[in-house]
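Residue numbers are given in our numbering: position 7 of the sequence shown equals residue 365, and the series is strictly consecutive. Below: the structure, in structure tokens.
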Amino acid sequence: MGREAQGGEAGRLVALDRYDILDTPREEGFDRITRLTRRIFDVPMSTITLIDGHRQWFKARSGVEACETARGPALCNVAMREPRILVVPDARADARFCENPFVTGPPRIRFYAGVPLRTPDGHSIGTLCAMDTRPRAFCDGEAETLADLSQIVMGELELRRVAMTDSLTGVLSRRAFRDEGARALALALRYGHPLACIMVDLDHFKAVNDGYGHPAGDRVLSAMASACRRELRTSDAFGRVGGEEFAVLLPHTDLASAMMVAEKLRAAIAQLRVATPAGPLRVSASFGVAALDATVTELDGLLRNADAALYAAKAGGRDRCVAHGPSREPAHGPASGRRPAIRTRVLKAGWLSLEGGRTRVDCTVRSLSDEGAGLKVMDAGVIPETFELVIEADHFSRPCHVVLRADGHLDVAFR
359 MGREAQGGEA GRLVALDRYD ILDTPREEGF DRITRLTRRI FDVPMSTITL IDGHRQWFKA
419 RSGVEACETA RGPALCNVAM REPRILVVPD ARADARFCEN PFVTGPPRIR FYAGVPLRTP
479 DGHSIGTLCA MDTRPRAFCD GEAETLADLS QIVMGELELR RVAMTDSLTG VLSRRAFRDE
539 GARALALALR YGHPLACIMV DLDHFKAVND GYGHPAGDRV LSAMASACRR ELRTSDAFGR
599 VGGEEFAVLL PHTDLASAMM VAEKLRAAIA QLRVATPAGP LRVSASFGVA ALDATVTELD
659 GLLRNADAAL YAAKAGGRDR CVAHGPSREP AHGPASGRRP AIRTRVLKAG WLSLEGGRTR
719 VDCTVRSLSD EGAGLKVMDA GVIPETFELV IEADHFSRPC HVVLRADGHL DVAFR
């Protein structure tokens, strides 16, 4: 625990970021552990929970519908700080949790047991937990078994760091894509040849899973990946970087040519008809395209530019391709005349100070420069246009205004 105490929350988030796992697709190795946890302890719910600055996100879940919830009231947020295990035999009889919204409302937790997921250097990044809607006891032997399972989770996390292929779609895993991208960028910078990146996000994919079921959603992802591979060169790197988000690196390709490739991919996806029990399902995707330029010195800068264009495509109505350019740079207004700032990829806890400090909304800072930031929040739609961004660990406080919002993401410029 010594190193955890020394690093504090900032050090914990740095340790979590090293695994590059937040918002990655479901993986059988982790799903198997939550299923096994349910069977061993005869409970209806189990999750592998990772906690960033503002939420608990479930890398694996069994018997739980939500894929993430706010961090504040989460029992896992308490369990994460325990030296070994948190056992709550009856949450309604426990003064710490009797009024907790996850106890009084869905999923109506009565029994909870959670073990911290601790990295080799002592940081707790989340939990493995078992939950029931009925109170129950939990003996020392069961606690040790859950602790052993948490060690298996950490072993899977370490193995995942070297995994190369996404098991569902057969494309590169996020880690492998980043490795390949770093090599491609280094070559492009060294020899001065063009390089472009395309970010692809399936439109309204949650509605597919909710309306047709997760097996249909998996078929959509697999069909989409196959359709894109048929349109790409063998020299292109194609990876799955999120649940329904993919990325393509195009060596020796300028922005205009990359836009033509993106349009080919968009058309190929629009032509798909995926079989479901309810009949053929049609899908579409949004595309953000960016090319290497003088402002990009690392892979994260290129990905961020493509991601900003992707958010613009989604905000503009989806099923379209948008190229990144100075007018779409989130840290500047279109008439600023200044060179775009390069943001650094980070994982920091922060909050938004609203209404003159009367309201606080937790956030996770995912990118940062002297002129703007990329933020994750639970609901971007309820955030006003202006607010104060606070990063307590950095003694940082800046007034901001929103320049782009999509789903749970905000791009802001500092005022």
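We put the CB at the ideal spot given by N, CA and C, even for glycine. Everything numeric in this text was worked out from a predicted model, so none of it was measured.
- By how many angstroms is the C-alpha of L408 removed from the C-alpha of T485? 7 Å
- List the endpoints of the continuous beta strand (DSSP E) containing M582. Here M582 belongs to no beta strand (DSSP E); instead the alpha helix (DSSP H) covers 572-589.
- Item | Cα-Cα separation, A451 to Y470 | 12 Å
- Item | Boundaries (first-last residue) of the beta strand (DSSP E) holding F416 | 413-420
- For I391, which three-state DSSP category applies? helix
- Cβ contact (3+ pairs, closer than 8 Å) linking the segment 454-471 and the segment 487-504: yes
- Query: Under a Cβ-count criterion, where at least 16 other Cβ atoms within 10 Å of its own Cβ denotes burial, should H690 be classed as buried or exposed?
  - Reply: With a pLDDT of only 32 at H690, under 50, the local geometry of the prediction cannot be trusted, and no value is derived from it.
- Query: How would you label S508, buried or exposed, when you count the other beta carbons within 10 angstroms and need 16 or more for buried?
  - Reply: buried
- Task: Give the secondary structure of L661 by DSSP, where H, G and I count as helix, E and B as strand, and everything else as coil.
- Result: helix
- Item | Range of the contiguous alpha helix (DSSP H) that encloses G499 | 498-518
- Which full runs of the alpha helix (DSSP H) of 4+ residues lie inside the segment 421-475, going along the chain? 433-437, 459-462
- Message: My output table needs one value for E656: the three-state DSSP class, helix, strand or coil.
- Response: coil
- Message: I need the boundaries of the alpha helix (DSSP H) containing S615, first residue and last residue.
- Response: 613-628
- Sort out for me which residues DSSP pairs H759 with in a bridge. T744, A771
- Message: Quick check: the Cα distance between R773 and F496, rounded to an integer number of angstroms?
- Response: 53 Å
- So, are the CB atoms of T392 and A424 less than 9 Å apart? no
- Message: Considering Cα atoms alone, identify which of T655, L515, V422 is closest to A544.
- Response: T655
- Query: With V511 and F388 assumed to form a contact (beta carbons below 8 Å), what rounded beta-carbon distance in angstroms separates them?
  - Reply: 7 Å
- Does DSSP classify L380 as helix, strand or coil? coil
- Message: Using 9 Å as the threshold, is the C-beta distance between H562 and R676 below it?
- Response: yes
- Buried or exposed: where does E502 fall if 16 or more other Cβ atoms within 10 Å of its Cβ makes it buried? exposed
- Task: On the DSSP bridge assignment, give the partners of D559 in chain order.
- Result: E603, S644
- G550 burial status per 10 Å Cβ neighbour count (16 or more: buried): exposed
- Three-state secondary structure (DSSP) at V719? strand
- Query: Is L475 closer than 9 Å to I406 when the C-beta atoms are compared?
  - Reply: yes
- Message: Given this structure, state the Cα-to-Cα distance separating D378 from R533, to the nearest angstrom.
- Response: 7 Å
- Message: Do Y669 and A764 count as a contact pair if the criterion is CB distance below 9 Å?
- Response: yes
- Message: Spatial neighbours of A581 within its chain, please: C-beta separation below 6 Å, excluding the five flanking residues on both sides.
- Response: L630, V632
- Item | Classification of V761 by the beta-carbon crowding that lies within 10 angstroms, buried from 16 upward | buried
- If we call anything under 9 Å between Cβ atoms a contact, is R376 one with T477? yes
- Minimum C-alpha distance to V647 - residue among L526, M736, K672: K672
- Message: If distances are taken between C-alpha atoms only, which option among H759, A636, D559, M736 comes closest to V680?
- Response: D559
- First and last residue of the uninterrupted alpha helix (DSSP H) at R548: 532-549
- Look up S685 in the DSSP assignment and say whether it is helix, strand or coil. Since pLDDT at S685 reaches only 44, below the 50 mark, its modelled position is unreliable, and no value is offered.
- Query: In the DSSP assignment, what residue or residues form a beta bridge with V680?
  - Reply: G646
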